[in-house]
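The next block holds one structure in the form of structure tokens; read it before the comments.
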Amino acid sequence: MSGRLFQRWLGLSLVAAIVLVAILAPWLAPYDPNMSSGSVLSRPSAANIIGTDQLGRDVFSRLLYGARVSLVIGLAASLVGMVIGVPIGLVSGYVGGKADLAVVQVVDILISLPAIVMALIITAVVGASVTNLILILGILKWPIIARIVRGQVLVLREQAFVEAARSIGCTTTRILARHIAPNIMRVLGAQFAIATSTSIFTAASLSFLGLGLPPPAADWGGMVQSGFDYMFLNPLLTLAPGAAVTLTVLSFYLIGESAK
Amino acid sequence: MNIDRRHMMKATSAFALALSTPWSASAQQETPRSGGTLTVGLVNDNTKTMDPRLSIQLDERQVLFLLYDTLVAVDRNFSLQPDLAKSWKIENDGKRYVFTLQEGVKFQDGTPFDAAAVKWNIESRLDEKVLSSQRAQLLPVIASIEIVSPSVVAFNLNYQYPSLLADLADRAGLMLSPTAAQKFGQDFGRNPVGTGAFVLKQWVQGTNITLARNPDYWRKGEPYLDSVVFRTVPSAVLGLQRVGIGEIDVMANLGPAETKLIDPRTTTAMKLPIGRWYSLQWQVDRAPFNNAKLRSAIAHAIDRNRINQILFDGQGTIADGLTPQGLWYSSPFKPGFEYSPDKARALLKESGWNMSDPITLWAPSEASYNRISQLVGEQIQAIGLKVNLSPVAQSEYYARVVQKSVNFTPSSWASRADPDGLYYFLLHSKGTGNTTGYSNPQVDRLLEQGRSITDQTERAKLYGQVQEIVMQEVPYICLLFGADYVAVSNKVRNWAPSPDSYPRFRRAWKAA
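As given, the protein sequences belong to chains R and E, one line each in that order.
Counting in the working numbering, the first sequence runs from 11 upward without gaps.
Counting in the working numbering, the second sequence runs from 688 upward without gaps.
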């Protein structure tokens, strides 16, 4: 097995496992993730294998449910990014001219803005909810996707098969949809995986900085943050959700890299 | 603050306050050692000025009470003690307070502290141009300040105001040098001159504040320490780690959960004599919480013992009112709303509340507020209400409570030396801190009566009555008195936290 193939399979199986955990969370979790209990900040034990948090909630159960939050936000955000970025990239690359120049300028400006800072500012203004986070992260993703799609289209539109299509009178829409889009699917797939991985990372960072989902949502970034103060009492409170974020981000990234 | 044996015994036996000062017995026998530096951890240094007239930040007061002395001091159970004022008499039916001052006291710039200095201090706070943070509090009360003799000064009041002494034990009573204030003008805030046990040596905002011993302090032989340093730490828990390795001697703002991190070989956890009063508040003059049945239903849905267990490891005290037990104005708690989900559901039905309408509970970001919001949300969901937790940044929280753009939310207050301080402020329909829209003519009358008499037993009764009404009408859901801790290095002797949470270190010393 080549290194790249191994990467892809490792990534895919990890993602499959995480998706499975997210779907099966209600059956896998020993407790209600949002139910407080009298045993606060208990160390790992048979009853609570990772321990309990400041409200006596089972951290293992919260970790499993946290997979749902991360996956939904990550996948939906990159979908939003795709929906905005792909058409803009296609049209800009294919049509060219002044429209293309304008798009390139806007995209370059947006890409130069640091994503986490932008996300922080927007979240602070509009407030954090699952929908808001998906939209914010998606909007931050589209310029990169548009730029990559445009780059691909610039190469493809000079190819003989596109010229052939044009010469027999195909409409622009048809050429973009039937002849160009299928040829960038592989790149798009890779970009989707990478966008998902960075969105999950940004969402976790926002939560860590206190701008994540409102309580009592079980989300990994928030768990890393709230466990921070109790590192010396039970390091798993912060290390376990930290490892979960890392693993998820890594598995999507592996898929993306292997498909490039 | 004086912690001598008499006060200790008074506090532990008569008032049965939970004190944890395991070293105090042996410390009393040790001879104080002079010298050394005491380091205090300060979370997020917010200090902006060292001028007591202008001070607003709580962090500033940590330092101010070392640089300056107050006219009156508070004791561990909030009883009032002499400080710069040796004694006082109340005359003219409670409208005239005559203070006899300590003699021979000098400010740190060598100028004398006398009746003229007191008059200047109060008048300067009343001066519109000074923009003192205490002006609003003093202006309606003070009619005139009269110099009777160099060591006797009289405060003539517009009306009876028994809270005056408590005010003079706080910011308004911190005495600064008139000469220095005139000399430095705007820059006085960076060049503070008081009569206190310590002088300001270096102040690097956001990093450290260094105070040195005042060699000419008027209480001979004090202080014992050569210097006190306030050092900024990112969080109380990280400060606690530094107490363990000897870099910091005193770190406040810790909860019972954090005290589990303490190593008893190096560090002692001391409980504050009076915990903060935690409650839930809402606006009772508008929908939806003008519905008294809805308020009662929610109050009955809250399991305060569970909150105490989870938040304070069971070390807090359930509050059936605003006043903790053990103060002169405390009255025994009448059993309040008991925890009963069945009763809550029944009341909810009677209230006519549409169960599909969500209730918004605002969750401030500060740790204990946030935990309270989550626990309360969980408990009122259990009686079938729909609850939305809406996060609000701690920095915006109180401003939004005042603007009434945050409705149902946790809040907390420190007890005051005089009940008028909190009761009138929060519950009188014209109270400056009335953010609930609560207005009850009977409560107003009781609170006005409480201001007009000086007899403590009579006053305690009045505030007891108000407390009962509050428990019935629930403008606040009284939750509990918290358990707050200060971590102190085992080398520190003769010090314990004060009820107002400002440290006084003039009698503290450090073992070798």
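Ideal Cβ positions, reconstructed from N, Cα and C, are used throughout, including at glycine.
What you are looking at is a predicted structure, and each value in this text was computed from that prediction instead of being measured.
Taking 8 Å as the CB-CB limit, is residue i close to chain R?
{"i": "Glu-833(E)", "result": "no"}
{"i": "Ile-1005(E)", "result": "no"}
{"i": "Ala-1050(E)", "result": "yes"}
{"i": "Pro-951(E)", "result": "no"}
{"i": "Arg-1058(E)", "result": "yes"}
{"i": "Leu-844(E)", "result": "no"}
{"i": "Ala-712(E)", "result": "Here Ala-712(E) scores only 42 on pLDDT, less than 50, and its place in the model is too uncertain to base an answer on."}
{"i": "Leu-729(E)", "result": "no"}
{"i": "Pro-709(E)", "result": "Here the model assigns Pro-709(E) a pLDDT of 40, short of 50, so the residue's position is not dependable and the matter cannot be decided."}
{"i": "Pro-1078(E)", "result": "yes"}
{"i": "Ser-1092(E)", "result": "no"}
{"i": "Ser-1027(E)", "result": "no"}
{"i": "Asp-1171(E)", "result": "no"}
{"i": "Lys-1073(E)", "result": "no"}
{"i": "Ala-944(E)", "result": "yes"}
{"i": "Val-920(E)", "result": "no"}
{"i": "Leu-948(E)", "result": "yes"}
{"i": "Ile-932(E)", "result": "no"}
Rank the options by C-alpha distance to the C-alpha of residue i and give the top, closest one.
{"i": "Met-1042(E)", "options": "Tyr-1084(E), Pro-975(E), Lys-1021(E)", "result": "Pro-975(E)"}
{"i": "Val-759(E)", "options": "Tyr-1150(E), Tyr-784(E), Thr-1141(E), Asn-731(E)", "result": "Tyr-784(E)"}
{"i": "Lys-1030(E)", "options": "Asn-992(E), Leu-1048(E), Ala-1069(E)", "result": "Ala-1069(E)"}
{"i": "Leu-1072(E)", "options": "Arg-877(E), Ile-1046(E), Pro-1051(E), Gly-942(E)", "result": "Ile-1046(E)"}
{"i": "Gly-1169(E)", "options": "Val-1079(E), Ile-994(E), Ala-1033(E), Ser-1027(E)", "result": "Ile-994(E)"}
{"i": "Val-50(R)", "options": "Leu-243(R), Asp-110(R), Ala-174(R), Gly-179(R)", "result": "Leu-243(R)"}
{"i": "Glu-810(E)", "options": "Phe-752(E), Gly-860(E), Gln-795(E)", "result": "Gly-860(E)"}
{"i": "Leu-1009(E)", "options": "Ser-766(E), Ser-966(E), Thr-946(E), Thr-798(E)", "result": "Ser-966(E)"}
{"i": "Ser-1099(E)", "options": "Ala-1006(E), Ile-1140(E), Asp-1142(E)", "result": "Ala-1006(E)"}
{"i": "Arg-160(R)", "options": "Leu-120(R), Gly-106(R), Leu-130(R), Arg-14(R)", "result": "Gly-106(R)"}
{"i": "Leu-198(R)", "options": "Val-29(R), Met-92(R), Leu-223(R), Leu-30(R)", "result": "Met-92(R)"}
Taking residue i and residue j to be in contact with their CB atoms under 8 Å, please state how far apart those CB atoms are, rounded to whole angstroms.
{"i": "Pro-1190(E)", "j": "Gln-749(E)", "result": "6 Å"}
{"i": "Ala-923(E)", "j": "Leu-948(E)", "result": "At roughly 10 Å, the Cβ-Cβ gap does not stay under 8 Å, so Ala-923(E) and Leu-948(E) are not in contact."}
{"i": "Leu-1149(E)", "j": "Gln-1136(E)", "result": "6 Å"}
{"i": "Phe-885(E)", "j": "Arg-900(E)", "result": "6 Å"}
{"i": "Gly-893(E)", "j": "Thr-919(E)", "result": "6 Å"}
{"i": "Ala-77(R)", "j": "Ala-134(R)", "result": "Wrong, their Cβ atoms sit about 26 Å apart, outside the cutoff."}
{"i": "Pro-1011(E)", "j": "Ser-1102(E)", "result": "6 Å"}
{"i": "Leu-10(R)", "j": "Ile-204(R)", "result": "Here chain R has residues from 11 to 270 only, and residue 10(R) is not among them."}
{"i": "Val-880(E)", "j": "Ser-864(E)", "result": "4 Å"}
{"i": "Leu-1076(E)", "j": "Gln-1061(E)", "result": "7 Å"}
{"i": "Thr-734(E)", "j": "Ile-896(E)", "result": "7 Å"}
{"i": "Leu-186(R)", "j": "Gly-61(R)", "result": "Not a contact, Cβ separation roughly 54 Å."}
Check whether the Cβ of residue i lies closer than 8 Å to any Cβ atom in chain E.
{"i": "Asn-142(R)", "result": "no"}
{"i": "Asp-4(R)", "result": "Because residue 4(R) is not part of the residues shown, which for chain R are 11 to 270, the question remains open."}
{"i": "Val-50(R)", "result": "yes"}
{"i": "Asn-2(R)", "result": "Because chain R spans 11 through 270 in this model, residue 2(R) falls outside it and cannot be assessed."}
{"i": "Ser-71(R)", "result": "no"}
{"i": "Gly-220(R)", "result": "yes"}
{"i": "Gly-231(R)", "result": "no"}
{"i": "Gly-66(R)", "result": "yes"}
{"i": "Tyr-46(R)", "result": "The sequence given here places Ser at residue 46(R); Tyr does not occur at that position. With 8 Å as the cut-off, Ser-46(R) counts as an interface residue toward chain E."}
{"i": "Thr-36(R)", "result": "At residue 36(R) the sequence reads Pro, which differs from the Thr that was named. Judged by the 8 Å Cβ criterion, Pro-36(R) is not in contact with chain E."}
{"i": "Pro-54(R)", "result": "no"}
{"i": "Pro-226(R)", "result": "yes"}
Answer yes or no: the CB of residue i versus the heavy atoms of the ligand MG, is any distance below 7 Å?
{"i": "Ile-1005(E)", "result": "With respect to the ligand MG, the structure offers nothing, as it holds no ligand at all."}
For this session: Could you say if the region 1160–1169 of chain E and the region 964–979 of chain E meet the contact criterion of at least three C-beta pairs nearer than 8 Å?
Result: yes
**Message:** To test your reading of the DSSP string, which unbroken beta strand (DSSP E) runs of 3 or more residues are found completely within the region 87–144 of chain R?
**Reply:** none
Entirely enclosed alpha helix (DSSP H) segments - the region 875–939 of chain E, minimum 4 residues
923–931
For the pair the region 201–213 of chain R and the region 68–85 of chain R, tell me if three or more CB-CB distances fall below 8 Å. yes
**OP:** Could you tell me which uninterrupted beta strand (DSSP E) segments, each at least 3 residues in length, are contained entirely in the region 1041–1067 of chain E, listed from first to last along the chain?
**Re:** 1045–1051
What alpha helix (DSSP H) runs, 4 residues minimum, are completely inside the region 753–840 of chain E? 802–813, 822–825
- Query: Considering only residues of the region 944–1007 of chain E, which uninterrupted beta strand (DSSP E) runs meet the minimum length of 3 residues and lie entirely inside it, listed in chain order?
  - Reply: 954–958, 964–968
With three or more beta-carbon pairs closer than 8 Å as the criterion, would you say the region 1049–1057 of chain E touches the region 100–111 of chain R?
no
* So, do the region 791–804 of chain E and the region 829–848 of chain E have three or more beta carbon pairs nearer to each other than 8 Å? -> yes
#### Entry: 3-residue-minimum beta strand (DSSP E) runs that sit fully inside the region 196–249 of chain R, ordered along the chain
none
| query | Taking three-plus beta-carbon pairs below 8 Å as touching, is the region 156–172 of chain R in contact with the region 94–103 of chain R? | reply | yes
Original post:
Are the region 1174–1183 of chain E and the region 716–729 of chain E in contact at 8 Å, needing three or more beta carbon pairs?
Top reply: yes
*Touch test, the region 816–836 of chain E against the region 1075–1094 of chain E, Cβ-Cβ under 8 Å, three pairs minimum*: no
_Can you confirm whether the region 140–149 of chain R touches the region 86–95 of chain R when touching is taken to mean that 3 or more C-beta pairs between the two stretches lie within less than 8 Å?_
yes
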